[in-house]
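In the numbering used here, the protein residues as written are 94 to 430. Every residue, glycine too, gets a C-beta built ideally from N, C-alpha and C.
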């Protein structure tokens, strides 16, 4: 039998040098384009504690956006008409006291607003009118539903999560969400249950339409597939089960240079609950500040004026970036290819 070299050191080396991987692929440095999406993480408070959560959010988290941060974000939107969309995430963004004010102000400025909703939050106390509020302001709902099978959803999100999600989807459908003639956008989000890449997005979307439509009468616009990022709670799960190295190897070995021009970090600016600035939500969770590669970028929302000044800046990268560039690629808008 011919002896072969142990691949693990090479995998670790490639994993540690995402920028080197880009150069080797002839892509060059990853740099920012014009900001068209302002993504605001309003905090880590959530009514759920999902196994795959890269934010490590949950009911006991106390990090939550203060009113002065929300006010400054709206001012940035007003001063930067090139920003087309305010993308609200968390935690459960709807649990933040400033959520509805932010939505109202962004819509007053004629911006698209996305609510990244876990669906079960619609069943929380005080949320009886949430679906109506979202519809009234024509908010685009991006709803997390990691599978169309109850047992798989509850394995990842807890007992009762699937039935609450179905009831929430029915409430949104009743208001017109997911119907082609309403203009009320309802997109669903799938992420793998474990350390694997998502299947082809179009094929899985067809299966979701069939299962949710035939069994529950649920309609939606699109399915977005998102790769689990090897950070925070999911990384801890991989480490506990001895699968971290294998998962990172999977991501590195499926690196696809064609995805790089479409990466969301090139046109998105991520704002933390405390006003810190980052290239993306994943960098935010790892503390990789905007400009970490050069040290020459504004660090908070109070340091920035025109977002055009960020054009051409290098994006801070790390091993987790292989998650966005593996296979068909991954972003907050689903597969890249």
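ask   = In this structure, what does DSSP give as the bridge partners for residue 280?
value = 235, 315
query = So, using beta-carbon positions, are residue 313 and residue 281 closer together than 7 Å?
reply = yes
query = Starting from residue 180 and walking both ways along the alpha helix (DSSP H), at which residues does that stretch end?
reply = From DSSP, residue 180 is part of no alpha helix (DSSP H) but of the beta strand (DSSP E) over 178-182.
ask   = alpha helix (DSSP H) containing residue 308: first to last residue?
value = 294-309
Complete alpha helix (DSSP H) runs within the region 330-359 (minimum length 4 residues, chain order) = 337-346
ask   = Roughly how many angstroms lie between the CA atoms of residue 241 and residue 286, to the nearest whole one?
value = 12 Å
query = For residue 173, which of helix, strand or coil comes out of DSSP?
reply = coil
task = Assign residue 216 to one of three DSSP states: helix, strand, or coil.
result = helix
key: Rounded straight-line distance, which links the Cα of residue 154 to that of residue 125   = 32 Å
message = DSSP three-state label for residue 245, please.
response = helix
key: Extent of the continuous alpha helix (DSSP H) to which residue 223 belongs   = 223-229
Residues of its chain near residue 385, where Cβ-Cβ distance is below 7 Å and the 5 sequence neighbours each way are ignored = 409
query = Between which two residues does the alpha helix (DSSP H) containing residue 263 stretch?
reply = 254-267
N- and C-terminal bounds of the beta strand (DSSP E) containing residue 376 = Counting along the chain, residue 376 falls outside any beta strand (DSSP E), though it belongs to the alpha helix (DSSP H) covering 374-379.
query = What three-state label does DSSP hand residue 166 in the structure shown?
reply = helix
request  = Report the rounded CA-to-CA distance for residue 402 versus residue 129, giving the unit in angstroms.
outcome  = 13 Å
inquiry  = Could you compute how far the alpha carbon of residue 245 sits from the alpha carbon of residue 162?
reply    = 37 Å
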